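See structure below.
2 protein chains.
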Amino acid sequence: MNMSFEFSEKYDLLSQLDDEQIKHLVTVKVKKGEIIYHQGDAPTGVYHVKNGHIGLITFAPNGNETLLRVFGPNYFFGHRSLISNEDYHATTMALVDSELIFIPSSDFDNIVHAKPNILMHVAQVLAKELRRAENKFRDLANSNVTSRIIQALAFIKTRYPDHKWTRKEIGEYCGAKTETVSRVLGRLEKEGLIVKEGRGIVIPSIEKLYERAEELDE
Amino acid sequence: MNMSFEFSEKYDLLSQLDDEQIKHLVTVKVKKGEIIYHQGDAPTGVYHVKNGHIGLITFAPNGNETLLRVFGPNYFFGHRSLISNEDYHATTMALVDSELIFIPSSDFDNIVHAKPNILMHVAQVLAKELRRAENKFRDLANSNVTSRIIQALAFIKTRYPDHKWTRKEIGEYCGAKTETVSRVLGRLEKEGLIVKEGRGIVIPSIEKLYERAEELDE
DNA sequence: CGATAGATTGAGAGTTTTCAACCGATGTGG
DNA sequence: CCACATCGGTTGAAAACTCTCAATCTATCG
Numbered sequence: 044m045n046m047s048f049e050f051s052e053k054y055d056l057l058s059q060l061d062d063e064q065i066k067h068l069v070t071v072k073v074k075k076g077e078i079i080y081h082q083g084d085a086p087t088g089v090y091h092v093k094n095g096h097i098g099l100i101t102f103a104p105n106g107n108e109t110l111l112r113v114f115g116p117n118y119f120f121g122h123r124s125l126i127s128n129e130d131y132h133a134t135t136m137a138l139v140d141s142e143l144i145f146i147p148s149s150d151f152d153n154i155v156h157a158k159p160n161i162l163m164h165v166a167q168v169l170a171k172e173l174r175r176a177e178n179k180f181r182d183l184a185n186s187n188v189t190s191r192i193i194q195a196l197a198f199i200k201t202r203y204p205d206h207k208w209t210r211k212e213i214g215e216y217c218g219a220k221t222e223t224v225s226r227v228l229g230r231l232e233k234e235g236l237i238v239k240e241g242r243g244i245v246i247p248s249i250e251k252l253y254e255r256a257e258e259l260d261e
Numbered sequence: 044m045n046m047s048f049e050f051s052e053k054y055d056l057l058s059q060l061d062d063e064q065i066k067h068l069v070t071v072k073v074k075k076g077e078i079i080y081h082q083g084d085a086p087t088g089v090y091h092v093k094n095g096h097i098g099l100i101t102f103a104p105n106g107n108e109t110l111l112r113v114f115g116p117n118y119f120f121g122h123r124s125l126i127s128n129e130d131y132h133a134t135t136m137a138l139v140d141s142e143l144i145f146i147p148s149s150d151f152d153n154i155v156h157a158k159p160n161i162l163m164h165v166a167q168v169l170a171k172e173l174r175r176a177e178n179k180f181r182d183l184a185n186s187n188v189t190s191r192i193i194q195a196l197a198f199i200k201t202r203y204p205d206h207k208w209t210r211k212e213i214g215e216y217c218g219a220k221t222e223t224v225s226r227v228l229g230r231l232e233k234e235g236l237i238v239k240e241g242r243g244i245v246i247p248s249i250e251k252l253y254e255r256a257e258e259l260d261e
């Protein structure tokens with residue numbers, strides 16, 4: 044179990060640009076459930092999240108969805124494909140009504156070539172996303188659902204406290220079915236580790252939650 | 044099931060450097076099973092694989108190992124932590140006797156700052172590794188063992204044809220136990236999709252193998 | 001207040017692991 | 001070059017875990 048609490052890495056791209064560059068960028072509004080781009084599309088630019096929450100989702104051949112990453116306010120997405128010169132490997136969907144700022148590839152390329160430190164910034168983000176992805180893989184391969192759900196809860200609620208997470212989203216993030224998430228949350232509530240408020244979830248002590256996850260991993 | 048056959052991405056870093064830079068680099072020899080660096084260590088440089096195979100392994104709290112990535116001849120490793128300024132999130136171990144060229148962080152930093160296109164190259168590698176990691180996560184979450192083992196076999200044997208893969212390594216790469224890999228390989232052999240030669244595995248037709256995986260995913 | 005999306009619960013099924021025993025290949029020292 | 005030690009592979013039976021399917025309940029919102 045990775046006990047690190049470093050969930051709030053600085054991922055902002057827009058703050059790296061100067062006013063001149065930002066001025067003529069367009070804001071896009073998307074509604075909950077709306078798709079921004081599809082898995083397989085060719086990239087056209089990078090998106091900065093002004094407000095709301097965007098999910099990066101991949102579809103397995105059998106139709107199952109997996110929630111790979113989530114982008115909240117001041118995060119950006121679409122950079123992976125742009126950098127690697129590949130089609131998008133996953134779909135982005137608004138988890139709630141959101142506002143985005145679109146940075147066309149041409150602008151992005153200009154900026155990146157003119158300012159190596161911005162490229163370095165993007166590379167750092169990729170490196171951290173890679174760490175997180177591989178840690179998620181390790182947990183999925185070695186931990187039981189309960190432990191994974193606790194991990195997911197802690198991460199998700201810390202980094203994106205404003206988003207109202209559904210059981211389905213939590214499950215798709217950590218590799219569990221909605222019903223399983225429901226059952227586990229029920230047990231965690233009985234143990235006093237979480238509190239349900241309507242459909243919402245409150246975590247009184249994230250440390251205690253982690254202790255529980257540690258026990259589960261022997 | 045991702046049917047793409049693009050397993051041979053160009054990951055070489057050394058070829059990006061000029062002779063002057065390469066000249067004073069040191070070659071390191073490591074024996075099978077030897078550890079190059081540990082999860083949690085602070086990074087000191089990047090390693091280029093001259094020959095042999097290096098595994099990036101992460102240990103779960105219960106001791107289970109997961110094989111995250113493999114680096115064969117002309118690949119490099121250790122770059123993720125160097126770029127993100129983090130301690131190594133996993134351990135590297137020689138899967139067989141290998142020779143490495145060590146590029147100290149100072150050299151790496153100089154090169155990266157002097158030549159933005161090398162930084163871009165590293166960023167591209169990170170972006171592709173991220174795609175692969177997230178696809179592995181999706182498969183682990185949504186596919187059955189047989190399908191995952193086929194995927195792993197196809198990838199592993201295509202990209203690293205020279206390495207003698209053990210059941211344990213295959214399992215740790217795709218999230219399966221050694222015994223399960225053994226059972227699945229037995230079935231695949233009966234179906235004529237693979238051939239066992241001693242402890243080795245030969246794949247007569249990678250396409251047929253993929254067809255089998257497709258069926259499994261409905 | 002009714003409609004709807006989301007959450008819960010139970011019983012049964014299925015997949016993969018676990019544990020344990022045994023087999024076979026590989027390679028090394030005498 | 002053989003004998004044997006060791007590492008890796010195979011197989012079976014039972015257990016564990018998570019999922020599936022189906023029914024029911026309850027927030028939330030127009």
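Quick mapping for you: the protein sequence lines, in order, are chains Y and R.
In my numbering, each residue carries its 1-based index in the first sequence increased by 43.
In my numbering, each residue carries its 1-based index in the second sequence increased by 43.
In this text, a Cβ means the ideal position worked out from N, Cα and C, and glycines have one as well.
The structure displayed is predicted, hence computed values, not measured ones.
Within 8 Å, strictly: CB atoms of residue i and residue j
i, j, result
"R:Ala197", "R:Tyr253", "yes"
"Y:Val188", "Y:Tyr54", "no"
"R:Ile78", "R:Leu138", "no"
"R:Gly115", "R:Arg202", "yes"
"Y:Ile237", "Y:Val224", "no"
"R:Val71", "R:Phe120", "no"
"Y:Tyr90", "Y:Leu143", "yes"
"R:Leu183", "R:Arg191", "yes"
Between the CA atoms of residue j and residue i - distance to the nearest angstrom
i, j, result
"Y:Pro159", "R:His156", "8 Å"
"R:Asp84", "R:Thr134", "9 Å"
"Y:Phe151", "Y:Gly229", "46 Å"
"Y:Leu99", "R:Met136", "32 Å"
"R:Glu257", "R:Glu250", "11 Å"
"R:Phe180", "R:Ala170", "15 Å"
"R:Lys66", "R:Asn153", "15 Å"
"R:Arg255", "R:Asn107", "29 Å"
"R:Pro161", "R:Ile244", "Here the sequence assigns Ile to residue 161 of chain R, which means Pro is not the residue at that position. If you take the alpha carbons of R:Ile161 and R:Ile244, they lie about 37 Å apart."
"Y:Val92", "R:Ser124", "26 Å"
"R:Phe48", "Y:Asp130", "With a pLDDT of only 45 at R:Phe48, under 50, the local geometry of the prediction cannot be trusted, and the value read off the model is given with reservation. So the two alpha carbons sit approximately 15 Å from each other."
"Y:His122", "R:Glu240", "44 Å"
"R:Ser248", "R:Ala195", "15 Å"
"Y:Met163", "R:Leu60", "19 Å"
"R:Asp205", "R:Arg242", "14 Å"
"Y:Lys75", "R:Lys233", "49 Å"
"R:Thr101", "R:Gly95", "20 Å"
"R:Thr109", "Y:Asp62", "45 Å"
"R:Gln64", "Y:Gln64", "36 Å"
"R:Met46", "R:Gly235", "Caution is warranted here: a pLDDT of 41 is assigned to R:Met46, below 50, making its placement in the model unreliable, and no coordinate value can be reported."
DSSP bridge partner residues for residue i (one or two, in chain order)
i, result
"Y:Asn94", "Y:Glu142"
"Y:Ile78", "Y:Met136"
"R:Phe114", "R:Ile97"
"R:Pro147", "R:Gly88"
"Y:Phe119", "Y:His91"
"R:Glu108", "R:Phe102"
Presumed contact (8 Å Cβ cut-off) between residue i and residue j, rounded CB distance
i, j, result
"R:Asp260", "Y:Ala103", "7 Å"
"Y:Ser186", "Y:Thr87", "About 38 Å separates the two Cβ atoms, so there is no contact after all."
"R:Ser127", "R:Val73", "24 Å between Cβ atoms; not a contact."
"R:Glu177", "Y:His81", "So it is not a contact: roughly 16 Å between Cβ atoms."
"R:Arg112", "R:Glu172", "7 Å"
"R:Ala166", "Y:Val165", "6 Å"
"Y:Lys200", "Y:Ile246", "6 Å"
Start and end residues, alpha helix (DSSP H) containing residue i
i, result
"Y:Glu172", "Pro159 to Asn185"
"R:Ser225", "Thr221 to Lys233"
"R:His122", "His122 to Ser127"
"R:Leu57", "Taken as a continuous stretch (DSSP letters only), R:Leu57 belongs to no alpha helix (DSSP H), as it is neither H nor E."
"Y:Ala83", "Rather than Ala, the amino acid found at residue 83 of chain Y in this sequence is Gly. Careful: Y:Gly83 lies outside any alpha helix (DSSP H) and carries neither H nor E."
"Y:Ser190", "Val188 to Arg202"
"R:Gly214", "Arg210 to Cys217"
"R:Tyr131", "Unbroken run through R:Tyr131: none, as it is neither H nor E."
"Y:Lys251", "Ile249 to Leu259"
Bounding residues of the beta strand (DSSP E) (the contiguous stretch that carries residue i)
i, result
"R:Thr70", "Val69 to Val73"
"R:Lys239", "Val238 to Glu240"
"Y:Ile244", "Gly243 to Val245"
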